[in-house]
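Scroll down for the structure; my scribbles are underneath it.
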Amino acid sequence: MTKDLVTIDRVLELIAAYGALPAAWPEDERAAAIEILKADPDRFAAALDEAYALDTFLETEDIPEPSLALSDAILAHAPKAQAKQQSLLGVLGKLIFPQGARWPAGAALASLMMGLVSGYAYASTGVGYDQADAVYYAAFGGDFETDWLGSE
Amino acid sequence: MSGLSELDQITRAASGDRAAQAALVNRNMPIIFRVAYRMLQDRAEAEDVTQETFLRAWKALPDWQPKAKFSTWACTVALTLCRDRLRNKRPVLMDELPDRVDTALRPEEALASQQALESIDAKLAALPDRQREALSLCALEGMTNIEAAAAMDVSVRALESLLARARRALRAELAGERE
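Top to bottom, those sequences are chains Z and V. According to this note's numbering, numbering within the first sequence proceeds without interruption in unit steps and concludes at 1225. According to this note's numbering, numbering within the second sequence proceeds without interruption in unit steps and concludes at 169.
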């Protein structure tokens, strides 16, 4: 509210709502209200007296202090600081195992991955079948050049 | 810690900085406690509300948006908690009146009761809740009209109306005592 909009009635409203002390009045109206007040102090004397008496009465308020344990109890539930630095391994571990390391599940995952990689390598190249046969026949004395069922 | 802006303090508190957390508590806890005490007129209940307000604050801090001062936000939470408690305390209407018991006070009790009634606490307690909230935040805690209106979720004009009615009621009480 600008100075032009602060009227005598508005100053009376300010006193009625915020009390006698201009410091308690809204900042944007304070200077204009004080000017109006100074221009005709008698006009506002009764309202200011009444308000000041109440302001003084309110200052006598006596509230007990909270117990000393209250701030401790509040701080006990405050957020805890996180660990500041993590190793690269730790960061990777967090990414792979966001729920934390669970070794049986990790080992199963690793086995699955190895099996998939081996299977893919075999399927895509065909290398490996002959080598495996060679190892088998060498171990059990079979004939390399003949079918293992005996047919030529 | 006093050189830090409130937002810095909140950011640090959210990340677990104990000094920032303690500063936030030391600065705001007394206000929240007094506001709650004026509403509930009970120290233990006011402490419960204060603690619950900070529990909510600790959860809210990581996503804190500096739209309002921490104290304004905290007073909004505290007032909401107080209203819930007051609502639960209010007597329910009964179909039948209960049997009356002799409520006559002994002289010393009557005197103590009279003194209590004369105290400012009793006069504040006698005000309607919303008027008491307005007076508590503005006149007794020194909040600006904008902050207090935000904390109460009302317009500034509505706040002024509540303040004027509260002060009028208190003045009438004081005038009645003097007569």
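Just so it is clear, CB atoms sit at the ideal spot from N, CA and C, and this is done for glycine as well. Please read these numbers as outputs of a predicted model, since none were measured by experiment.
Neighbouring residues, chain Z, relative to Arg161/V (Cβ below 8 Å) = The residue labelled residue 161/V in the question sits at position 171 within the second sequence. Going along chain Z in sequence order, the residues near Arg161/V (Cβ under 8 Å) are Glu1123, Ala1126, Leu1127.
Three-way DSSP call (helix, strand, coil) for Lys1063/Z in this model = Given a span of 1074 to 1225 for chain Z in the structure shown, any question on residue 1063/Z remains unanswerable.
ask   = What residues of chain Z sit near Ser5/V, judged by a beta carbon separation below 8 Å?
value = As a position in the second sequence, residue 5/V is number 15, starting the count at 1. At a C-beta separation below 8 Å, Ser5/V has these neighbours in chain Z: Pro1152, Ala1154, Gln1155.
key: Contact list for Glu1134/Z against chain V, beta-carbon separation under 7 Å   = Within the first sequence, numbered from 1, the residue matching residue 1134/Z stands at position 61. In chain order: Ile110, Leu130.
query = With Glu150/V and Glu1086/Z assumed to form a contact (beta carbons below 8 Å), what rounded beta-carbon distance in angstroms separates them?
reply = On the second sequence, residue 150/V is found 160 positions in, with the first residue counted as 1. On the first sequence, residue 1086/Z is found 13 positions in, with the first residue counted as 1. Confirmed, about 7 Å.
ask   = Can you find at least 3 beta carbon pairs, one from the region 41 to 57 of chain V and one from the region 1 to 9 of chain V, that sit closer than 8 Å?
value = With a cut-off of 8 Å, the region 1 to 9 of chain V and the region 41 to 57 of chain V count as touching, because enough Cβ pairs lie within range.
query = Closest to Glu1138/Z by CA distance: which of Lys59/V, Asp74/V, Ala10/V, Ile22/V is it?
reply = Within the first sequence, numbered from 1, the residue matching residue 1138/Z stands at position 65. Cα-wise, what sits closest to Glu1138/Z is Ile22/V.
query = For Leu(-3)/V, which option in Leu160/V, Lys59/V, Asp32/V has the closest C-alpha, if you only look at C-alpha atoms?
reply = Within the second sequence, numbered from 1, the residue matching residue -3/V stands at position 7. For Leu(-3)/V, the nearest C-alpha among the options comes from Lys59/V.
is_contact[Ser61/V, chain Z] using C-beta, thresh 9 Å = Numbered from its first residue, the second sequence carries residue 61/V at position 71. No Cβ of chain Z is located within less than 9 Å of the beta carbon of Ser61/V.
message = Can you look up Arg90/V in the DSSP assignment and give me helix, strand or coil?
response = Sequence index remark: in the second sequence, residue 90/V carries index 100 (1-based). Confidence is the limiting factor: at Arg90/V the pLDDT is only 48, short of 50, which leaves the residue's position unreliable, though a coordinate-based value still follows. If DSSP states are grouped into helix, strand and coil, Arg90/V belongs with coil.
query = If you draw a straight line from the alpha carbon of Ala1097/Z to that of Leu(-6)/V, how long is it in whole angstroms?
reply = The count along the first sequence starts at 1 and reaches residue 1097/Z at position 24. The count along the second sequence starts at 1 and reaches residue -6/V at position 4. Between Ala1097/Z and Leu(-6)/V, the C-alpha separation is close to 26 Å.
query = In angstroms, rounded to a whole number, what distance separates the CA positions of Cys128/V and Arg17/V?
reply = Within the second sequence, the letter at position 138 stands for residue 128/V. Within the second sequence, the letter at position 27 stands for residue 17/V. When the Cα atoms are used, Cys128/V and Arg17/V turn out to be separated by approximately 18 Å.
task = In the DSSP assignment, find the unbroken alpha helix (DSSP H) run with Ala1105/Z in it and report its ends.
result = Residue mapping note: residue 1105/Z aligns to position 32 of the first sequence, counting from 1. Bounds of the alpha helix (DSSP H) holding Ala1105/Z are 1100 to 1112.
message = I'd like to know if Ala106/V contacts chain Z, where contact means its C-beta is closer than 9 Å to some C-beta of that chain.
response = Locating residue 106/V in the second sequence gives position 116, counting from the first residue. Note that Ala106/V scores 49 on pLDDT, short of 50, meaning its location in the model is unreliable and no value can be drawn from it.
query = Closest by CA to Arg24/V, which one among Ala139/V, Ala64/V, Leu153/V?
reply = As a first step, residue 24/V is located in the second sequence; it is residue number 34 there, counting from the start. Comparing Cα-Cα distances from Arg24/V to each of Ala139/V, Ala64/V, Leu153/V, the minimum goes to Ala64/V.
Reference Ser1144/Z, options Met19/V, Ala116/V, Glu123/V, Asp74/V, closest by Cα = The sequence position of residue 1144/Z within the first sequence is 71, counting from 1. Scanning Met19/V, Ala116/V, Glu123/V, Asp74/V for the CA closest to the CA of Ser1144/Z turns up Met19/V.
Contact set for Ile1081/Z: own chain, Cβ-Cβ below 7 Å, skip 5 residues either direction = Counting from 1 along the first sequence, the entry for residue 1081/Z is found at position 8. Cβ neighbours of Ile1081/Z beyond the five flanking positions: Ile1109, Arg1116.
request  = Check the C-beta distance from Pro1095/Z over to Ala1105/Z and give it rounded, since I have them as a contact under 8 Å.
outcome  = The residue given as residue 1095/Z occupies position 22 in the first sequence. The residue given as residue 1105/Z occupies position 32 in the first sequence. Not quite, the Cβ-Cβ distance comes to about 11 Å (not below 8 Å), so this is no contact.
query = For the candidate residues Leu71/V, Ala116/V, Ile110/V, whose alpha-carbon lies nearest to that of Asp38/V?
reply = In the second sequence, the residue the question calls residue 38/V occupies position 48. The shortest CA-to-CA distance from Asp38/V to any of Leu71/V, Ala116/V, Ile110/V is the one to Leu71/V.
key: From Asp74/V, Met133/V, Gly6/V, Tyr27/V, residue whose alpha carbon lies closest to that of Asp111/V   = Here residue 111/V corresponds to residue number 121 of the second sequence, with the count starting at 1. For the residues Asp74/V, Met133/V, Gly6/V, Tyr27/V, the minimum Cα distance to Asp111/V belongs to Tyr27/V.
task = Return the first residue and the last residue of the alpha helix (DSSP H) that Lys79/V is part of.
result = Locating residue 79/V in the second sequence gives position 89, counting from the first residue. 60 to 79 is the span of the alpha helix (DSSP H), which, as asked, contains Lys79/V.
query = Among Asp74/V, Arg46/V, Gln55/V, which has the Cα closest to the Cα of Pro1152/Z?
reply = If you number the first sequence from 1, residue 1152/Z lands on position 79. Ranked by Cα distance from Pro1152/Z, the options Asp74/V, Arg46/V, Gln55/V are led by Arg46/V.
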